[in-house]
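J.: In full-length UniProt numbering, the protein residues as written are 1 to 110. Structure provided below as structure tokens; questions to follow.
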């Protein structure tokens, strides 16, 4: 039960900026007012952040440097396994554009 609560808190802490900050930047900083422009801008922002995470953080920093080697776990490398890696790529390439369109649609209704 405690693990589920911690996973929920972690999910909210990591996803809240995605749901709040990106739309705030698009609508208030960039001054976007229509659905299409907002969806495109949010898609670009989400894809750039997702690609940075996949390429720099996951592939290079975690996979190639020694910064993430935990003594005694060298035989467990890679730390990000194939199934998880595929899920991350799918969520980046497919999930983020869907998220951008959904948020733009919801905001355009108000």
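We put the CB at the ideal spot given by N, CA and C, even for glycine. All figures in this text were calculated on a predicted structure; none of them were measured in a lab.
Would residue 29 pass as a contact of residue 38 if the rule is Cβ separation under 8 Å?
T.: Residue 29 sits at position 29 when you count from the first residue of the chain shown. Residue 38 sits at position 38 when you count from the first residue of the chain shown. Going by C-beta atoms, residue 29 is not nearer than 8 Å to residue 38.
J.: Curious, which full-length beta strand (DSSP E) runs of at least 3 residues does the region 4-73 contain?
T.: Whole beta strand (DSSP E) segments, 3+ residues: zero.
J.: Which same chain residues, not among the five before or five after residue 43, have their C-beta less than 8 Å away from its C-beta?
T.: Taking the chain shown and counting its residues from 1, one reaches residue 43 at position 43. Excluding positions up to five away in sequence, the list reads 96, 97, 100, 101.
J.: How should residue 50 be labelled, buried or exposed, when 16 other C-beta atoms within 10 angstroms of its C-beta is the threshold for buried?
T.: Residue numbering aside, residue 50 sits at position 50 when the chain shown is read from its first letter. Under this definition residue 50 is a buried residue.
J.: Got a sec? Which residues, its chain only, sit under 7 Å from residue 32 by beta carbon, not counting five neighbours each side?
T.: Counting from 1 along the chain shown, the entry for residue 32 is found at position 32. Same-chain partners within the cutoff: 26, 38, 41.
J.: Take residue 58 and list the residues in its own chain whose beta-carbon comes closer than 6 Å to its own, dropping the five residues that flank it on each side.
T.: As a first step, residue 58 must be located in the chain shown, where it is residue number 58. Closer than 6 Å at the Cβ level, and outside the excluded window around residue 58, lie 80.
J.: Measure the C-alpha to C-alpha separation of residue 21 and residue 12 and round it to an integer number of angstroms.
T.: As a working note, residue 21 is residue 21 in the chain shown. As a working note, residue 12 is residue 12 in the chain shown. Each residue's alpha carbon lies about 13 Å from the other.
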